[in-house]
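Structure, as structure tokens:
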Amino acid sequence: MGMTLSQKILAKHAGKSHIMANELIEAKLDLVLGNDVTTAMASTIFDEAGFTNVFDSNKIAIVLDHYAPCKDINSAELCVKSRLFAKRFSISNFFDVGDMGIEHALIPEKGLAAPGELIVGADSHTCTYGALGAFSTGIGSTDAAAAIAQGSLWFKVPPAIKVNFQGKLNNHVSGKDVMLHLIGLIGVDGALYKSLEFVGDGIKALNIADRFTIANMAIECGAKNGIFPIDDITKEYLHDVVEREYDILVADSDAEYEQEIVIDLSQLSPTVALPHLPSNTKKIDEVKGLSIDQVVIGSCTNGRIEDLRVAAAILKERKVAHDIRCIIIPATQKIYLQAIKEGLIEIFIKAGAAVSTPTCGPCIGGHMGVLAKGERAVATTNRNFVGRMGDVTSEIILTSPAVAAASAVIGELASPFDL
Amino acid sequence: MYTGKVFKYGDNVDTDVITPARYLNTSDPAEYSKHCMGDIDTYFVSKVEKGDIIVAGANFGCGSSREHAPIAIKTCGVSCVIASSFARIFYRNSINIGLPILESPEAAENIKADDMVCVDVTTGEIKNITTGQVFHSAAFPPFISEIIKAGGLINSIKSKGGENEL
Numbered sequence: 001m002g003m004t005l006s007q008k009i010l011a012k013h014a015g016k017s018h019i020m021a022n023e024l025i026e027a028k029l030d031l032v033l034g035n036d037v038t039t040a041m042a043s044t045i046f047d048e049a050g051f052t053n054v055f056d057s058n059k060i061a062i063v064l065d066h067y068a069p070c071k072d073i074n075s076a077e078l079c080v081k082s083r084l085f086a087k088r089f090s091i092s093n094f095f096d097v098g099d100m101g102i103e104h105a106l107i108p109e110k111g112l113a114a115p116g117e118l119i120v121g122a123d124s125h126t127c128t129y130g131a132l133g134a135f136s137t138g139i140g141s142t143d144a145a146a147a148i149a150q151g152s153l154w155f156k157v158p159p160a161i162k163v164n165f166q167g168k169l170n171n172h173v174s175g176k177d178v179m180l181h182l183i184g185l186i187g188v189d190g191a192l193y194k195s196l197e198f199v200g201d202g203i204k205a206l207n208i209a210d211r212f213t214i215a216n217m218a219i220e221c222g223a224k225n226g227i228f229p230i231d232d233i234t235k236e237y238l239h240d241v242v243e244r245e246y247d248i249l250v251a252d253s254d255a256e257y258e259q260e261i262v263i264d265l266s267q268l269s270p271t272v273a274l275p276h277l278p279s280n281t282k283k284i285d286e287v288k289g290l291s292i293d294q295v296v297i298g299s300c301t302n303g304r305i306e307d308l309r310v311a312a313a314i315l316k317e318r319k320v321a322h323d324i325r326c327i328i329i330p331a332t333q334k335i336y337l338q339a340i341k342e343g344l345i346e347i348f349i350k351a352g353a354a355v356s357t358p359t360c361g362p363c364i365g366g367h368m369g370v371l372a373k374g375e376r377a378v379a380t381t382n383r384n385f386v387g388r389m390g391d392v393t394s395e396i397i398l399t400s401p402a403v404a405a406a407s408a409v410i411g412e413l414a415s416p417f418d419l
Numbered sequence: 420m421y422t423g424k425v426f427k428y429g430d431n432v433d434t435d436v437i438t439p440a441r442y443l444n445t446s447d448p449a450e451y452s453k454h455c456m457g458d459i460d461t462y463f464v465s466k467v468e469k470g471d472i473i474v475a476g477a478n479f480g481c482g483s484s485r486e487h488a489p490i491a492i493k494t495c496g497v498s499c500v501i502a503s504s505f506a507r508i509f510y511r512n513s514i515n516i517g518l519p520i521l522e523s524p525e526a527a528e529n530i531k532a533d534d535m536v537c538v539d540v541t542t543g544e545i546k547n548i549t550t551g552q553v554f555h556s557a558a559f560p561p562f563i564s565e566i567i568k569a570g571g572l573i574n575s576i577k578s579k580g581g582e583n584e585l
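Going down the list, the sequences are from chains A and B. When we follow the working numbering, the leftmost residue of the first sequence carries the number 1, and every step to the right adds one. When we follow the working numbering, the leftmost residue of the second sequence carries the number 420, and every step to the right adds one.
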């Protein structure tokens, strides 16, 4: 029996020629990632364990993005701990305020994720780099401390679900709609412990930003990782960011998949997830008109330049509705600067949106857009769990940037086709 | 062996309701554990007693990778969590920090809130003292049992002299 792309990457890093689903392996890591919330904890565990050295100071990345720029004294202390750890071990890929971005947009941009690599991160959305054909997955802080110390971790080889994309997306339909559709189809535990292997001719029509968004939300259906094959679009993206050589592995033709899901991209329409699960999906036309108080465009899911261009095309020469707060957060400094160069930021500000330095802030209910009792937000983020963005009675509707921007203009949950 | 009163929850209890991120601006467990489960059970923290057991439906611990979630549950005194299934990262984190977790769809379906339950983590036997029903959870693979026996991942690595070979 052959291996899937995920299994091939794991086998290579375990030094084995063949592995099977559900086998336990020890595998060498190419990158270990942490943020301000998880690195502080990992550094304490690292010290308590009596570890004295990191496995490779060039293969660890620490990004202060969740509460940074710090919102209060406690969060400032978390960042201090991460800074001290980075300094102590001369971590070369340490990104602080002014340099940092939302980690899962920043890591690919900095060339720290490449095809065939095995990446773990103390953040559940580490699965994002599957867009580039890497095996990447989220871990906790104890795993991170162990990974930082020894450069390897144990893995259970995931069985696979094949997601076969066909056709092309229509106007105003994006990677976010594709992934919400898939999560709605299989549920929030539909891929529990498994890998999502994205294949099919439809992939050719998905740009790199769509792929990042899709892989990013693999965790929202319980998947261990989500991975795309490497093609010309991947190579073109990597050409500017990754200098080192990388391995282009391909799935065996006789690889085993527990399930195959075929999605005709041309049949999809803008899709949203109503409170309080990402699987609670509806087509926009079924639910438009719901009242909202805030719109957030950003996050590791949808804060890339392509997302900002979509939002700007809708907000250009329009105004954010009177009673709506619209917050737009470019995911990295580079994206922010590019958005300035392209005139997108001017469009946002003229439309009456607030534009912020990169931060995860509102997505986790941390800062920069926390919701009050009973308020409802439309957000391009990835989770709409109870209390995620603020008060326990507040609500989040997950959407694409196009639906979010249209909602900001119309002043209620709205379709971009209704502008 | 753990004996305790049951706190019962449904499917998809996510790490945001176990430990809301708005309280994770500190890494002090005593501090963030004060809000454990608060978003779906306001009284959990005031009612839970040492040894009590959480029983829940499918996909317990879904969402964020925050290890604060199993730590908060453990800090509150919960002895073990039984669910019909666990989200992957939560499952791993619980084993790594030494919070016993057992998968048993039958137990999750039949045990009710406030039942008294006795759990033998080594055999996987779950006994509902209130009703007399007995359930069994699947045994952990030997490799994971070793981590649990060592008291978590770090101790397991240290006991093997720094190398975590299979």
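By construction, the Cβ of each residue, glycine as well, lies at the ideal position given by its N, Cα and C atoms.
Under 7 Å from the C-beta of residue i: neighbouring residues of chain B
i      : result
A:S141 : E486
A:G116 : Chain B residues near A:G116: none, gap ~22 Å exceeds 7 Å.
A:G138 : S484, I508
Listed by chain order, chain A residues near residue i by CB distance under 8 Å
i      : result
B:F562 : L24, W154
B:G543 : What B:G543 touches in chain A: nothing, since even the nearest Cβ is about 18 Å away.
B:C481 : V188, D189, G222
B:A477 : D189
B:S504 : D189, L192
Cutoff 9 Å: residue i Cβ touching any chain B Cβ
i      : result
A:T126 : yes
A:Q7   : no
A:E103 : no
A:A122 : yes
A:V392 : yes
A:F417 : no
A:G2   : no
A:G50  : yes
A:A86  : no
A:A160 : no
A:A145 : yes
Neighbourhood of residue i by C-beta, 8 Å cutoff - its chain only, sequence neighbours within 5 removed
i      : result
B:F505 : N478, F479, G480, S513, I520, E522
A:D189 : C221, G222
B:N529 : N547, T550, Q552, F554
B:I566 : I514, N515, L572, S575
B:D435 : D458, G482, S483
A:L10  : I19, I25, A27, L118, F135, F155, V157
DSSP bridge partner residues for residue i (one or two, in chain order)
i      : result
A:T137 : A:V120
A:T381 : DSSP output for A:T381 lists no bridge partner at all.
B:K493 : In the DSSP output, where bridge partners are listed per residue, B:K493 has none listed.
A:L33  : A:A61, A:G121
A:N164 : A:V199, A:V262
A:E395 : A:R376
B:F479 : B:F505
A:E412 : A:S291
Min CB distance residue i to chain A below 9 Å
i      : result
B:K577 : yes
B:G571 : yes
B:I473 : no
B:I567 : no
B:I492 : no
Residue i: contacting residues in chain B (beta-carbon distance under 8 Å)
i      : result
A:Y193 : R507
Own chain residues within Cβ distance below 7 Å of residue i, not counting five before or after
i      : result
A:D56  : G151
A:F385 : H276
B:L443 : Y451, R485, H487
B:K469 : G496
A:C70  : A76, C79
Beta-carbon contacts of residue i that lie in its chain and below 6 Å, excluding the five residues immediately before and after
i      : result
B:A475 : Y428, V432, A502
A:A49  : none
A:A86  : I62, F94
B:N583 : The predicted position of B:N583 is uncertain, since its pLDDT is 48 and thus under 50; a value taken from the coordinates is nonetheless stated next. Within the same chain, B:N583 has close Cβ partners I576.
A:D252 : G2, M3
A:V370 : G390
A:R203 : The residue asked about is misnamed: residue 203 of chain A is Ile in this sequence, not Arg. The residues are F165.
Per-residue contacts from residue i into chain A (C-beta, under 7 Å)
i      : result
B:I459 : V386
Exercise. Going along the chain, which residues of the region 54-83 of chain A sit with their C-beta nearer than 8 Å to a C-beta in chain B?
Worked result: H66, Y67, K71, D72, N74, S75, E77, L78, K81
Exercise. Of the residues that make up the region 362-388 of chain A, which ones have a beta carbon closer than 8 Å to any beta carbon in chain B?
Worked result: I364, G365, G366, V370, R383, F385, V386, G387, R388
Exercise. Residues in the region 423-456 of chain B with C-beta within 7 Å of chain A's C-beta atoms, listed in sequence order?
Worked result: N431, D433, D435, V436, P439, A440, R441, L443, N444, T445, S446
Problem set entry | Chain-ordered residues of the region 31-45 of chain A with a beta carbon less than 8 Å from chain B | V37, T38, A40, M41, T44, I45
Exercise. Going along the chain, which residues of the region 262-279 of chain A sit with their C-beta nearer than 8 Å to a C-beta in chain B?
Worked result: L277
Exercise. Got a sec: which bits of the region 507-540 of chain B sit with their beta carbon under 7 Å from any beta carbon on chain A, in order along the chain?
Worked result: R507, I508, R511, N512, N515, I516
Exercise. Using a beta-carbon distance cut-off of less than 7 Å, what residues from the region 203-230 of chain A approach chain B?
Worked result: G222, K224
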